[in-house]
Structure formats: C-alpha cells, structure tokens
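Reading through the structure tokens given below for one structure.
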Amino acid sequence: MKFPWRKKEDNPEPILANDDLGAQDPYPQQQTFNRPFMEPFSSQSTEMQLILSKLELINTKIQQIEIRLQQLERKIDTIEKIAIESQEPPKRW
C-alpha cells in the first residue's frame with residue numbers, strides 16, 4: 228500500500244535480520260543507575276523511611292494474626308474437649 232503524501236525519502240529502510248537494532252536506538256540504556264535502597268540502612272532517605280514504616284505495619288499485622296490464631300487454636304481445643312466429653316460411653320451388650 229502506498230501513501231500519496233509520503234515522500235520517497237520518508238520511506239524507512241528495511242530492517243535486515245543481522246542489523247544491530249541497539250545501534251539505532253535513540254534512547255540508549257543508562258549504565259549507571261543507583262537507587263536509594265542501595266545506600267546503608269542508616270540513610271534517612273524518604274524512600275527508606277517509607278519502606279521501614281510499611282515493614283513496621285506489616286509486622287504489626289503479623290503479630291495481630293498470630294494472636295488471633297492462638298485464640299482460635301484455644302477455641303478449637305475447647306470444642307474438641309467438649310466433643311470428647313459429651314460422647315456416650317460404649318453400650319455393653
């Protein structure tokens with residue numbers, strides 16, 4: 228399909244299988260990329276503070292879940308004990 232408004236010089240050259248596409252990349256990757264989390268933990272960066280506060284929240288939630296799990300385990304133990312005690316002794320013939 229030809230586009231009448233395209234000039235001949237606007238047509239791109241065909242890409243061959245052995246062409247190095249990276250050489251034509253207008254946005255080459257930067258090789259030096261440093262993130263704040265690569266700094267020591269004593270860093271007072273905002274991102275590190277955010278990560279630490281989220282970890283504290285997660286830790287609090289885990290502790291709450293552990294407490295609730297212990298409560299449920301105790302309830303299960305109580306229910307099992309009641310079920311065992313309420314069983315009738317076997318009838319003798």
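What the sequence shown shows, in the numbering used here, is residues 228 to 320, in sequence order.
Even glycine gets a Cβ: it sits at the ideal position worked out from N, Cα and C.
Remember, it's a predicted structure, so these values are computed and weren't measured experimentally.
| Can you tell me where the alpha helix (DSSP H) with Q297 in it begins and where it stops? | T273 to S313
| said: Rounding to the nearest angstrom, what Cα-Cα distance links I294 and Q276 in this structure? | reply: 27 Å
| task | Determine the direct distance from the alpha carbon of E307 to that of Q291, and round the result to whole angstroms. | result | 24 Å
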